[in-house]
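A.B. asks:
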Amino acid sequence: MRVRTSPSLALVKYWGKKAGGRNLPATTSLAVTLAGLDTRTLVRVAAPGEGDAVQVGGELQDAARYAPFFDEARRLFHSPLHFAASSENSFPSAAGLASSSSGFAALALGCAALSGLAEGPRANALASDLARLGSASAARAVYGGFTLLPAGARRAEPLEGPAYWPDFRVVVALATREKKRDSSRGAMELTRTSSPYYAPWVRDARKVSREALAAFRDRDAQKLGELMRLSYLRMHASALAAEPPVLYWLPDSVALIKACAALRARGIGAWETMDAGPQVKVFCLAPELAAVEAALREAAPGCELIVTQPGPGPDLSAEAGPR
Ligand code: PMV
Numbered sequence: 194m195r196v197r198t199s200p201s202l203a204l205v206k207y208w209g210k211k212a213g214g215r216n217l218p219a220t221t222s223l224a225v226t227l228a229g230l231d232t233r234t235l236v237r238v239a240a241p242g243e244g245d246a247v248q249v250g251g252e253l254q255d256a257a258r259y260a261p262f263f264d265e266a267r268r269l270f271h272s273p274l275h276f277a278a279s280s281e282n283s284f285p286s287a288a289g290l291a292s293s294s295s296g297f298a299a300l301a302l303g304c305a306a307l308s309g310l311a312e313g314p315r316a317n318a319l320a321s322d323l324a325r326l327g328s329a330s331a332a333r334a335v336y337g338g339f340t341l342l343p344a345g346a347r348r349a350e351p352l353e354g355p356a357y358w359p360d361f362r363v364v365v366a367l368a369t370r371e372k373k374r375d376s377s378r379g380a381m382e383l384t385r386t387s388s389p390y391y392a393p394w395v396r397d398a399r400k401v402s403r404e405a406l407a408a409f410r411d412r413d414a415q416k417l418g419e420l421m422r423l424s425y426l427r428m429h430a431s432a433l434a435a436e437p438p439v440l441y442w443l444p445d446s447v448a449l450i451k452a453c454a455a456l457r458a459r460g461i462g463a464w465e466t467m468d469a470g471p472q473v474k475v476f477c478l479a480p481e482l483a484a485v486e487a488a489l490r491e492a493a494p495g496c497e498l499i500v501t502q503p504g505p506g507p508d509l510s511a512e513a514g515p516r
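Numbering-wise (this note's numbering), the sequence shown opens with residue 194 and increments by one.
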């Protein structure tokens, strides 16, 4: 089974888990699945005696990290099968571009299909549930377009397809292609257990996500952009206050953030967000794209820019896997 997925970029962030060890998010995230950044995964049923195994970019992954995922796959899909998967990303892995979201979503969809679940809403819902166990953002990447993963939820909800907001653009500025040192999993746990700002972050995130959803419903770019900024800055503020502190930003990240502020001061809508890495992702509308790209290029000439937009849902077909 070949599966193509794309990463889910949170406009409003999930950061921190509910107690109980089920990888349930503590905050609501509102996200967009990005077109053109592809994870291509080949999933097959393992031969008898062969255990579950995953390779990403040709590297065999730590089996312990995947064990709860595959055990849950067998439980959810009432399947005795073991699975072997190999996955390739068309963009840098583990560099804060949400490759874990597209990776676990592809794996979950592949396992569902191999277990006999026909493509459709039920398979997607179960795959979202399973993907969440690997990486909560992956629950969202099971769907294209715009998605919501409510605090405490097991599954993401598809909100709208990519056509809902045709002018919606995201410029991804790669401040580095290096792998990040602090995984989101470890860093958010450190934030939860040691940052005095974690509880206020979670409390405040309720209001931000509620208002952002309303702005999204109104297609109000200005309001949504402002809330996106509050969300990522407050998330990073809580992480910065952890012990030891979690700091993902590089000098180019800061230059790009300042370039967005300068654009807004000129009346050009450009609102940035950041995840567990130094990359800066900038939301703007199509008519402003050229001005935004030019300003980002000038602010950080060494950074590669990738222009993307809301993408379609996953593709499960013979052509979708690694080449
Ligand atoms: O899904 P994880 O465990 O890789 O965490 C993702 C965390 C953020 O990317 C920072 C935010 C999000 O909602 O995607």
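The beta-carbon is built from N, C-alpha and C at its ideal position, and this holds for glycine as well.
#1: Buried or exposed: where does Leu253 fall if 16 or more other Cβ atoms within 10 Å of its Cβ makes it buried?
#2: Pick helix, strand or coil for Ala434, following the three-state DSSP scheme.
#3: Report the option in Leu223, Gly354, Val485, Arg410 whose CA atom is closest to the CA atom of Ala332.
#4: Starting from the C-beta of Val247, find all residues in its chain whose C-beta is less than 6 Å away, skip the five residues before and the five after it, and write them out in chain order.
#5: Does the structure place the segment 266–280 close enough to the segment 226–246 that three or more beta carbon pairs sit under 8 Å?
#6: Determine the extent of the beta strand (DSSP E) in which Leu290 is found, giving its start and end residues.
#7: What are the partner residues of Lys211, as DSSP defines its beta bridges?
#8: Residues in its own chain within less than 6 Å of Ala414 by CB, not counting five upstream and five downstream?
#9: Would the beta-carbon of Trp442 be found less than 7 Å away from any heavy atom of ligand 1?
#10: Checking 8 Å against the spacing of the C-beta atoms, do Leu341 and Ala329 come in under that value?
#11: Drop a sphere of 10 angstroms on the beta-carbon of Lys210, count the other beta-carbons inside from all chains shown, and report buried for 16 or more, exposed for fewer.
#12: Look at Pro507 and Ala318 and say whether their C-beta atoms are less than 8 Å apart.
#13: Does DSSP put Cys453 in a helix, in a strand, or in coil?
#14: Could you name the residues whose beta carbon sits closer than 5 Å to any heavy atom belonging to ligand 1, keeping them in chain order?
#15: Which residue comes first and which comes last in the beta strand (DSSP E) that contains Phe276?
#16: What residue does the alpha helix (DSSP H) around Phe270 start on, and which one ends it?
#17: Roughly how many whole angstroms lie between the Cα atoms of Phe263 and Gly213?
#18: Across the segment 384–392 and the segment 490–508, are there enough close Cβ pairs to call them in contact, namely three or more that are closer than 8 Å?
#19: Between the Cα of Gly354 and those of Ala346, Asp468, Arg410, spot the shortest distance and give me the residue it belongs to.
#20: In chain order, which beta strand (DSSP E) runs of at least 3 residues are fully inside the segment 225–267?
#21: Looking at the structure shown, is Pro218 part of a helix, part of a strand, or coil, going by DSSP?
#22: Kindly give me the distance between the Cβ atoms of Leu290 and Leu204, rounded to whole angstroms, as I take these residues to be in contact under 8 Å.
#23: For the beta strand (DSSP E) that contains Trp464, what are its first and last residues?
#24: Once you ignore the five residues that flank Pro241 on each side, which residues in its own chain have a CB closer than 8 Å to its CB?
C.D. replies: Put simply:
#1: exposed
#2: coil
#3: For Ala332, the nearest C-alpha among the options comes from Leu223.
#4: Around Val247, the same chain offers Gln254, Tyr259, Ala278 as residues with beta carbons nearer than 6 Å, after the five sequence neighbours per side are excluded.
#5: yes
#6: Note, Leu290: premise wrong, no beta strand (DSSP E); not H, not E.
#7: Its beta-bridge partners do not exist; DSSP assigns none.
#8: Gly462, Leu478
#9: no
#10: At the C-beta level, Leu341 and Ala329 stay beyond 8 Å of one another.
#11: Classification of Lys210: buried, given that the 10 Å Cβ count is 16 or more.
#12: Cβ atoms of Pro507 and Ala318: not closer than 8 Å.
#13: helix
#14: Ala203, Lys206, Tyr207, Ser222, Ser293, Ser328, Ala329, Ser330, Ser377, Asp468, Ala469
#15: 276–282
#16: No alpha helix (DSSP H) contains Phe270, which DSSP labels as neither H nor E.
#17: 19 Å
#18: Verdict: no, contact absent.
#19: Arg410
#20: 232–238, 246–249
#21: strand
#22: Contact flag wrong, Cβ pair sits at about 15 Å.
#23: 464–466
#24: none
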